[in-house]
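*Asks:* The structure's right below; bear with me while I get my questions together.
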Amino acid sequence: MIVKDAVCPFCGCLCDDIEVEVEEGRVVAVTNACELGTTKFMGEKRMKNPILRVGDEWKDITYDEAVKYAADMLLAAERPLLYGWSGTHGEAQCVGVHMAELIHGVIDNTSSVCHGPSILAIQEVGHPGCTLGVVKNRADLVIYWGSNPIDAHPRHLSRYTRYAEGFFLENAFRDRKVIVVDVRKTESANIADEFIKIRPGGDYAVLSALRAIVQGKADTIPRTVAGVTREQLVRVANLCKSAKFGAVYFGLGLTMTQGKYKNIRNAIELVSELSRHTKFTISAMRGHYNVYGSNEVNTWMTGYPFGIDFSRGIAFYNPGETTAVDILARKECDAALIVGSDPAAHFPRKCLEHLAEIPVVQLDPYPNATTAFCNVQIPVAVTGIDAEGTAYRMDGVPIRTRRVLSSDYLSDEEVLARMYALMQEARER
Amino acid sequence: MTFLMITGRTVNQGVTVENKTSPEYAAETSTCFMHEFDMMELGLDDGDAVRVTGPCGEVVMRAAASPEVEMGTVFVPYGPYANHIVAAGTRSTGMPDFKSHEVEIEPADEEPKLVHELMEDLGGLAYDR
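Residue numbers (the working numbering), protein chains in the order written: chain A, 55 to 483; chain B, 22 to 150.
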């Protein structure tokens, strides 16, 4: 059986033109997806049933036992952390927020270690963004800043920018210029018309220099700024000003380096400046396929996009205090529920040392690095493969992922709903 | 020698990220991409083990020459090896300094650990069924 127009649940591009061939309950071929998506669709080695750690042994347990363990753990905790959420569908995220409110816990998603700083900047100066379709059809200049789409979002270039057709561009490949700004000469830099190589940590200074040039103050710029020559900066500023429609896509090269959200703020302000001369937009290259959705769901349910602390009985948000890395490093939480992410692979070691000391339950289809720190892991269906649900693309467009095969695994939403029902029952007693 | 360590996504890291118990994931995320002149200075060949010491510990990785990185800088794919030495401070943003750590690198004569060995060192229990 061939499933057409399947949605790829890997990165924030959420490509919706995938063809998946299924035979005897297994994916046997994938067409149109990139290497990352294909591997995810073809993924094997799922965990077969829930497991419980007893001393130095792993024991198989039933779903009912696992769900009860998780509910009891969260109810008994004084400061539970509910973390992850970017690798699951919106319906499951909703249950997570309700759960965090019920038990006065902290709910945080993976954006605190990816584009959380971008959101902080947007909260300061707004987000002049647009959908990917607008960029595909109109943009004659695209800038990738601190982002390497060939490795991280392989089809972004072919669907929307470098190799895409554009409705309002006669010959998109010729008419659309691509600029890459990075500290490394990545594969993406190799296919750009112009590569700006910045000294590590120099993004803020280069953004400020470009703002000054766009404002007509090129004579105030020194000979080089963070390793970039004045001549190149002036040339790039002119390219930007003479574009009909420009789009900036930035990655973790801006959010994870020094300055963090201030880098993004400066980039947004450069875009505002450019919009006095022409049309310019800026957006983040979101990583997980539904990290954007997690921010959306949290925001429409609590008012805040990530790092939400319900310990006061109301939603409270203070990144740096109510975010997962900080809470774990301060050894503050006394239980953790992990859904759709793998903090043990992506958090600093100090956080893992605390995870080892507290009860942890994880919902994930596969054994991963966090499994080692779990008391219980519950395998679930993979959204977009054997579960369906809503995800938000990196430009904020909600797309319903499809189920391409059926399995006996429960979805994240079903497992969480069972847990939540037990918790509500216990609280009403 | 002192280097600036930058972590980031690679295709191979992304391809193996849903299969973290695989040797391919361990091999990719324990690779320390360096400039060939820096490797020469340290007497390293491709695939040699290096001890990378960061602000909160050390970890053994394998060096690989890359034309993408500048001298004085190393690139390590996101994962448990780099994070074994990354500090947890976030400067009140929630975000650790994943791309701006100073590390010391020297040749080592031991193998990089497996992912589950790193996790067990920190108090976890490997699951390898």
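Ideal Cβ positions, reconstructed from N, Cα and C, are used throughout, including at glycine.
(1) Check whether the segment 392 to 403 of chain A and the segment 191 to 208 of chain A touch, using three or more Cβ-Cβ pairs below 8 Å as the test.
(2) Check residue 192 of chain A in the structure and name its three-state DSSP category.
(3) Between which residues of its own chain and residue 214 of chain A is the CB-CB distance below 6 Å, once the five residues before and five after are set aside?
(4) Kindly list the residues whose CB is nearer than 7 Å to the CB of residue 413 of chain A, restricted to its own chain and excluding five residues on each side of it in sequence; keep chain order.
(5) Residue 96 of chain B bridges to which residues according to DSSP?
(6) Where residue 330 of chain A and residue 275 of chain A are concerned, what is the direct C-alpha to C-alpha distance, given to the nearest angstrom?
(7) Measure the alpha-carbon distance for residue 405 of chain A versus residue 260 of chain A and round it to whole angstroms.
(8) Using three-state DSSP, classify residue 163 of chain A as helix, strand or coil.
(9) Name the residue from B:22, B:34, B:27 whose alpha carbon lies nearest to the alpha carbon of residue 204 of chain A.
(10) Kindly list, in the order they appear in chain A, the residues whose Cβ is closer than 7 Å to that of residue 113 of chain B.
(11) Please identify, using Cβ separations under 7 Å, the residues of the segment 30 to 64 of chain B that lie next to chain A, in order along the chain.
(12) Note down, in chain order, each residue of its chain lying with its Cβ closer than 8 Å to the Cβ of residue 267 of chain A, except the 5 sequence neighbours on either side.
(13) Ignore the nearest five residues each way along the sequence and tell me which others in residue 24 of chain B's own chain have a CB closer than 7 Å to its CB.
(14) How many whole angstroms separate the CB atoms of residue 107 of chain A and residue 433 of chain A, which I take to be in contact at a CB cut-off of 8 Å?
(15) Is the beta carbon of residue 453 of chain A sitting closer than 9 Å to the one on residue 441 of chain A?
(16) Measure the Cβ-Cβ separation of residue 301 of chain A and residue 206 of chain A and say whether it is below 9 Å.
(17) Taking the alpha-carbon of residue 114 of chain B as reference, which of A:317, A:249, A:299, A:150 has the nearest alpha-carbon?
(18) Of all the CB atoms in chain A, is at least one closer than 9 Å to the CB of residue 97 of chain B?
(19) What residue from A:427, A:410, A:436 has the CA that sits closest to residue 420 of chain A's CA?
(20) Does residue 107 of chain B have its Cβ less than 9 Å from a Cβ in chain A?
(21) Looking at the C-beta of residue 463 of chain A, does it have a partner C-beta in chain B at a distance below 9 Å?
(22) List the residues of chain B that residue 171 of chain A touches, going by C-beta distances under 7 Å, in chain order.
(23) Which residues of the segment 428 to 449 of chain A have a Cβ closer than 7 Å to any Cβ of chain B? Give them in chain order.
(24) What does the alpha-carbon distance come out to for the pair residue 95 of chain A and residue 78 of chain A?
(25) Taking just the CA atoms, how far does residue 375 of chain A sit from residue 118 of chain A?
(26) With DSSP as the reference, identify every bridge partner of residue 370 of chain A, one or two as the case may be.
(27) Given a limit of 9 Å on CB to CB distance, which residues of the segment 304 to 337 of chain A reach chain B?
(28) Against chain B, which members of the segment 174 to 193 of chain A pass a CB distance test of less than 8 Å?
(29) Does residue 346 of chain A come out as helix, strand or coil in the three-state DSSP assignment?
(30) Chain A partners of residue 68 of chain B, CB-CB under 9 Å?
(31) Would you list, in sequence order, the uninterrupted beta strand (DSSP E) runs of no fewer than 3 residues that lie entirely inside the segment 394 to 469 of chain A?
(32) Three-state secondary structure (DSSP) at residue 117 of chain B?
(33) Leaving out five residues on either side along the sequence, give the residues of the same chain with a beta carbon under 8 Å from the beta carbon of residue 49 of chain B.
(34) Since residue 140 of chain B meets chain A, which of its residues come closer than 8 Å, beta carbon to beta carbon?
(35) According to DSSP, residue 122 of chain B sits in a beta bridge with which residue or residues?
(36) In chain B, what lies closer than 9 Å to residue 90 of chain A by C-beta?
*Replies:* Considering the structure as presented:
(1) no
(2) helix
(3) 186, 189, 190
(4) 127, 389, 429
(5) B:27, B:54
(6) 21 Å
(7) 34 Å
(8) strand
(9) B:34
(10) 374
(11) 30, 31, 32, 35, 36, 39, 40, 41, 42
(12) 275, 287, 288, 291
(13) 93, 94, 95, 124, 126
(14) So it is not a contact: roughly 15 Å between Cβ atoms.
(15) no
(16) no
(17) A:317
(18) no
(19) A:436
(20) yes
(21) no
(22) 114, 116
(23) none
(24) 15 Å
(25) 35 Å
(26) A:363
(27) 305, 306, 307, 309, 310, 311, 312, 314, 315
(28) 174
(29) helix
(30) Neighbours of residue 68 of chain B on chain A: none; closest Cβ ~21 Å, over 9 Å.
(31) 414 to 417, 430 to 432, 443 to 446, 452 to 455
(32) coil
(33) 31, 33, 34, 37, 98, 100
(34) 398, 406, 423, 426, 427
(35) B:26
(36) 32, 35, 36, 38
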